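**Q** Before I ask anything, here is the structure I am working with.
There are 2 protein chains.
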Amino acid sequence: MGARTDSMTVKPVNNPLIALDVMGGDAGLPDVMAAAEVASERYPALRFRLHGPEARIRAEFVRCPRLSASAVVVHTDDVVLGTDRPSQALRRSRTSSMGMAIQAVKDGEAHAAVSAGNTGALMAMALFALRTMPGIDRPALAALLPTLKNDVAVLDLGANTECDAENLVQFAVMGAAFARTVLGLETPRVGLLNIGEEELKGTDELRDAATLLRGARLPMRFEGFVEGDKIGQGDIDVIVTDGFSGNIALKTAEGTAKLVNGLLRHAFRSTWLTRIGYFFSRSALQALRTHLDPNAHNGAVFLGLNGLVVKSHGSANVRGIANAIGVAHDLIIGRVGDRIADDLANFRAHRPDVLAETGK
Amino acid sequence: MGARTDSMTVKPVNNPLIALDVMGGDAGLPDVMAAAEVASERYPALRFRLHGPEARIRAEFVRCPRLSASAVVVHTDDVVLGTDRPSQALRRSRTSSMGMAIQAVKDGEAHAAVSAGNTGALMAMALFALRTMPGIDRPALAALLPTLKNDVAVLDLGANTECDAENLVQFAVMGAAFARTVLGLETPRVGLLNIGEEELKGTDELRDAATLLRGARLPMRFEGFVEGDKIGQGDIDVIVTDGFSGNIALKTAEGTAKLVNGLLRHAFRSTWLTRIGYFFSRSALQALRTHLDPNAHNGAVFLGLNGLVVKSHGSANVRGIANAIGVAHDLIIGRVGDRIADDLANFRAHRPDVLAETGK
Chain A
0 MGARTDSMTV KPVNNPLIAL DVMGGDAGLP DVMAAAEVAS ERYPALRFRL HGPEARIRAE
60 FVRCPRLSAS AVVVHTDDVV LGTDRPSQAL RRSRTSSMGM AIQAVKDGEA HAAVSAGNTG
120 ALMAMALFAL RTMPGIDRPA LAALLPTLKN DVAVLDLGAN TECDAENLVQ FAVMGAAFAR
180 TVLGLETPRV GLLNIGEEEL KGTDELRDAA TLLRGARLPM RFEGFVEGDK IGQGDIDVIV
240 TDGFSGNIAL KTAEGTAKLV NGLLRHAFRS TWLTRIGYFF SRSALQALRT HLDPNAHNGA
300 VFLGLNGLVV KSHGSANVRG IANAIGVAHD LIIGRVGDRI ADDLANFRAH RPDVLAETGK
Chain B
0 MGARTDSMTV KPVNNPLIAL DVMGGDAGLP DVMAAAEVAS ERYPALRFRL HGPEARIRAE
60 FVRCPRLSAS AVVVHTDDVV LGTDRPSQAL RRSRTSSMGM AIQAVKDGEA HAAVSAGNTG
120 ALMAMALFAL RTMPGIDRPA LAALLPTLKN DVAVLDLGAN TECDAENLVQ FAVMGAAFAR
180 TVLGLETPRV GLLNIGEEEL KGTDELRDAA TLLRGARLPM RFEGFVEGDK IGQGDIDVIV
240 TDGFSGNIAL KTAEGTAKLV NGLLRHAFRS TWLTRIGYFF SRSALQALRT HLDPNAHNGA
300 VFLGLNGLVV KSHGSANVRG IANAIGVAHD LIIGRVGDRI ADDLANFRAH RPDVLAETGK
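From first to last, the protein sequence lines are chains A and B.
For reference, each letter of the first sequence is one residue, going 0 to 359 in numbering that gives the first Met the number 0.
For reference, each letter of the second sequence is one residue, going 0 to 359 in numbering that gives the first Met the number 0.
Okay, structure coming up:
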């Protein structure tokens, strides 16, 4: 096996290095490693630290020749379970595969950690180990969703149930940097999720955040308030919201897509005519399914920490996990952390004093 | 014309009487009246008060023979516009077609008001004229949404951006009464929309509301917290949430259905093979569209007021408006107000003292 167990030094960004928790998620170690192999083929410069049981990892290297040549193995048998509470998981920050992957980012031994494990545990460990960046009060969970046009970045998807105006502005800055990095946009269009487009709609927090963003000098185009039905239209690149509404929107969109898919399947089975129709339409329906496949959009990132942590969905398959590793790769190469730091510094230097005037 | 302009006395519920704002919404007076004609055919006992310009209403009676025989006309030329602010509309509570329809409910001259006009104006006027029922702090906007199985009732859909635990409990009581009336269920399954199913998830308000509902004696089965992806599954009959999240969920579901529909149309146009497929599949796709058609679920009701007010969607067609009138009919016949009052009294008599113990 070509894998080295000695530590590799992290160089700027030419050789992106990902600390991978091979034990997280439903897929299991072989699929996580197969996904890393796919990512290694896609990004030849990518290197890995694999955190998990060494013997099983080494046995799997037979099927992952590229990975075995570009990975170090860091042994541990301790695994954070899906049922573990964040507080239980935190105690195993130094021993579990998930905790060690995050620790590697903290210690400068990897550029990003990727795990498909317990989201609550990952959030707690990442926040505890990496802490928030200067100027960021709370990290946010961001991901891409499919639309009629290009993907849209949505945040926060569930890290913070309640947010104030400052949090929302910070999310907008982070989301724009994310979209510039991952979607390759120069000045992404940013909208605040609300229950109406008029300036008077919604909560005080939303109105204050809109006032701040309207007056800010940032590499984005602030489009004001957007409603939930605009998420899928593709005319906004970044949707900013608190973690409660963001999670509700994400899950509702998933559920509705599933509903339509279920109805469609039922409809095509209803008569012999529609069965013939299905036969001819298979390629179209397959394209639809591929477009909406959560695996094609897998990889949510915790933005706002001193280090990158990417969460792969627990139910993601090999393709999905490879996609999440790809997101981590793009964020490393695109130096998303530096972009956020620069934009925050710029925002503060030219901070609109609109809220100060009203005594806030 | 057979219509009488004299006032009819409201009798209990044998002859349900609806005050209809013929001027609200995008459809226009002819479509609103055509919808009332459809509803009159469907419910022969139904009678109407038509609020709007008398000459135009009378001219339209030619095409609405049943309606003309079961309606009184109450003339007004004053119309609340979609662009009017609630505060502007309130000043025309006595003169506008919308305001007069609500006033008729207040004065006991109709059992319910139906309008497709400006939602904000309708909410403000209805709350101002009818006030909340004893035991209800805030009214909620409720409607039915399609699922894989039976429809689900969701509330609040946007009347209250922020809600406390008491509000949510009252919404649950009202939503259950709504589901029993409109869906014909004896003990509807009620869930609180949250970002996870575990008891510790979400806000204090949600956890307190769950505690109260778990201990309450009500004609419902409380199923705890449900996530957004469960809305479309059909395993819960009533989804309770604050107006902000409810509106986000509703609009996101609408947007996602539109997204899938758009992708589907695009997919079927992609090759000659899929075009053939479309030809054979038309009936299946039509059935899908009918199942998801917002017009088939049109008619949101303001629950918790001393009188019934039903809001038809501004963009509803004749079928949609007829459906909203049908919702009003069912709520009158089912005496939803009495059910809510009974359930509230019962809840208060056996109110769980769980929150009192924690000093709340």
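The beta-carbon is built from N, C-alpha and C at its ideal position, and this holds for glycine as well.
In this text, all values refer to a predicted model and were calculated from it rather than measured experimentally.
1) Which residues, in chain order, does the region 250–272 of chain B contribute to contact with chain A at a C-beta distance below 9 angstroms?
2) So who's on the other strand from G245(B), going by DSSP bridges?
3) Are L80(B) and I101(B) closer than 9 angstroms when you measure CB to CB?
4) Am I right that D25(A) and G313(A) are in contact with their C-beta atoms under 8 angstroms? What's the rounded C-beta distance?
5) Nearest chain B C-beta to P15(A) closer than 9 angstroms, yes or no?
6) For the 8 angstroms Cβ check, are there 3 or more pairs between the region 220–239 of chain A and the region 141–156 of chain A?
7) Taking 9 angstroms as the CB-CB cut-off, is H349(B) touching chain A?
8) Do the region 89–108 of chain A and the region 289–298 of chain A meet, that is, are 3 or more Cβ pairs less than 8 angstroms apart?
9) Got a sec: is the Cβ-Cβ distance from A283(A) to anything in chain B below 9 angstroms?
10) I'd like to know whether the C-beta atoms of A173(A) and A139(A) end up nearer to each other than 9 angstroms.
11) Evaluate contact between the region 275–288 of chain A and the region 103–121 of chain A, counting only Cβ atoms and requiring at least three cross-stretch pairs below 8 angstroms.
12) In angstroms with no decimal places, state the Cα-to-Cα distance between L302(A) and E108(A).
13) Is there at least one Cβ from chain A nearer than 9 angstroms to F170(B)'s Cβ?
14) Grouping DSSP H, G and I as helix and E and B as strand, with all else coil, what is G119(A)?
15) When DSSP labels each residue in this structure, what does T4(B) get in the three-state scheme?
16) Say whether chain B places a C-beta atom closer than 9 angstroms to the C-beta of I332(A).
17) Could you give the DSSP three-state label for S95(B): helix, strand or coil?
18) Around the C-beta of H349(B), are 16 or more other C-beta atoms found within 10 angstroms, so that it is buried, or is it exposed?
19) Does any residue of chain B bring its CB to less than 9 angstroms from the CB of L154(A)?
20) Nearest CA to the CA of V61(B): which residue from L191(B), P29(B) and F177(B)?
21) Near N246(A), which residues of its chain fall below 7 angstroms by C-beta distance, leaving aside the five closest residues on each side in sequence?
22) Looking only at C-alpha atoms, which of I320(B), Y42(B), I238(B) and H328(B) sits nearest to L167(B)?
23) In chain B, which residues lie with their C-beta within 8 angstroms of the C-beta of F243(A)?
24) Counting only Cβ-Cβ distances shorter than 9 angstroms, please list the residues of the region 290–322 of chain B near chain A, keeping chain order.
25) So within the region 180–217 of chain B, which uninterrupted beta strand (DSSP E) runs reach at least 3 residues, ignoring any that extend past its ends?
26) Report yes or no: is there a C-beta of chain A within less than 9 angstroms of the C-beta of Q232(B)?
27) Does DSSP put V259(A) in a helix, a strand or coil?
28) What number of angstroms, rounded off, separates the C-alpha of D329(A) from the C-alpha of M219(B)?
29) Which residues in chain B have a C-beta closer than 9 angstroms to the C-beta of A147(A)? List them in chain order.
30) Between L199(A) and R206(A), is the Cβ-Cβ spacing less than 9 angstroms?
31) Note the first and the last residue of the continuous beta strand (DSSP E) segment covering S114(B).
32) Runs of 4 residues minimum, wholly inside the region 279–357 of chain A: which ones carry the alpha helix (DSSP H) assignment?
33) Taking the straight line between their C-alpha atoms, what separation do you get for A165(A) and A252(A)?
34) G231(B) bridges to which residues according to DSSP?
35) Going by DSSP, name the residue or residues bridged to I238(A).
36) Does the pairing of the region 69–88 of chain B with the region 40–52 of chain B give three or more beta-carbon distances under 8 angstroms?
**A** Put simply:
1) K250, T251, A252, E253, G254, T255, A256, K257, L258, V259, N260, G261, L262, L263, H265, A266, F267, R268, S269, T270 and L272
2) To locate residue 245(B), count along the second sequence from 1; it is residue 246. According to DSSP, G245(B) bridges with nothing at all.
3) Reading the second sequence from its first residue, position 81 is the one you call residue 80(B). Reading the second sequence from its first residue, position 102 is the one you call residue 101(B). Cβ atoms of L80(B) and I101(B): not closer than 9 angstroms.
4) Numbered from 1 along the first sequence, position 26 holds the residue referred to as residue 25(A). Numbered from 1 along the first sequence, position 314 holds the residue referred to as residue 313(A). Indeed they touch by this definition, with Cβ atoms about 5 angstroms apart.
5) Taking the first sequence and counting its residues from 1, one reaches residue 15(A) at position 16. No - not a single Cβ of chain B is within 9 angstroms of the one on P15(A).
6) yes
7) The count along the second sequence starts at 1 and reaches residue 349(B) at position 350. Chain A, which has no Cβ nearer than 9 angstroms to the Cβ of H349(B), makes this no.
8) no
9) Along the first sequence, one-based indexing puts residue 283(A) at 284. It does: the Cβ of A283(A) has a partner Cβ on chain B nearer than 9 angstroms.
10) Position 174 of the first sequence holds residue 173(A). Position 140 of the first sequence holds residue 139(A). For the record, residue 173(A) in the displayed sequence is Met; it is not Ala. In this structure, A139(A) lies closer than 9 angstroms to M173(A) by Cβ.
11) no
12) By 1-based counting over the first sequence, the position of residue 302(A) is 303. By 1-based counting over the first sequence, the position of residue 108(A) is 109. Cα to Cα, L302(A) sits roughly 19 angstroms from E108(A).
13) Mapped onto the second sequence, residue 170(B) falls at position 171. No, because no Cβ of chain A sits closer than 9 angstroms to the Cβ of F170(B).
14) Counting from 1 along the first sequence, the entry for residue 119(A) is found at position 120. In this structure, G119(A) counts as helix in the three-state DSSP scheme.
15) Taking the second sequence and counting its residues from 1, the one referred to as residue 4(B) is at position 5. Caution is warranted here: a pLDDT of 39 is assigned to T4(B), below 50, making its placement in the model unreliable, and the coordinate value is therefore given only provisionally. In the structure shown, T4(B) sits in coil (DSSP, three-state: anything other than H, G, I, E or B).
16) Translated into positions along the first sequence, residue 332(A) becomes position 333. Not closer than 9 angstroms to any Cβ of chain B, the Cβ of I332(A) fails to qualify, so no.
17) For the purposes of this step, residue 95(B) is taken as residue 96 along the second sequence, with counting starting at 1. Here S95(B) sits in strand by DSSP.
18) Against the second sequence, residue 349(B) aligns to sequence position 350. Exposed.
19) Numbered from its first residue, the first sequence carries residue 154(A) at position 155. Not an interface residue.
20) Taking the second sequence and counting its residues from 1, one reaches residue 61(B) at position 62. It is P29(B) whose Cα lies nearest to the Cα of V61(B).
21) What you label residue 246(A) is simply residue 247 of the first sequence in a count that begins at 1. Around N246(A): L156 and G157.
22) Counting from 1 along the second sequence, the entry for residue 167(B) is found at position 168. When each option's Cα is compared against that of L167(B), the closest is I238(B).
23) Here residue 243(A) refers to the residue found at position 244 when the first sequence is read from its first residue. In chain order: I194, G201, T202 and S244.
24) H290 and L291
25) 188–192
26) As a first step, residue 232(B) is located in the second sequence; it is residue number 233 there, counting from the start. Judged by the 9 angstroms Cβ criterion, Q232(B) is in contact with chain A.
27) As a working note, residue 259(A) is residue 260 in the first sequence. Helix at V259(A).
28) What you label residue 329(A) is simply residue 330 of the first sequence in a count that begins at 1. What you label residue 219(B) is simply residue 220 of the second sequence in a count that begins at 1. In a straight line, the C-alpha of D329(A) is about 50 angstroms away from that of M219(B).
29) If you number the first sequence from 1, residue 147(A) lands on position 148. It is worth fixing the name first, because residue 147(A) is Leu in this sequence and not Ala. K257, L258, G261, L262 and H265, listed in chain order.
30) Here residue 199(A) refers to the residue found at position 200 of the first sequence. Here residue 206(A) refers to the residue found at position 207 of the first sequence. A contact, by the Cβ cut-off of 9 angstroms.
31) Reading the second sequence from its first residue, position 115 is the one you call residue 114(B). Run containing S114(B): A111 to S114, per the beta strand (DSSP E) assignment.
32) 317–332, 335–348 and 353–356
33) By one-based count along the first sequence, residue 165(A) stands at place 166. By one-based count along the first sequence, residue 252(A) stands at place 253. The identity of residue 165(A) in the sequence shown is Glu, whereas the question assumes Ala. Rounded to the nearest angstrom, the two C-alpha atoms are 27 angstroms apart.
34) On the second sequence, position 232 is the one that residue 231(B) refers to. Answer is none; G231(B) lacks a bridge partner.
35) Within the first sequence, the letter at position 239 stands for residue 238(A). Answer by DSSP bridge pairing, in chain order: V153(A) and G190(A).
36) yes
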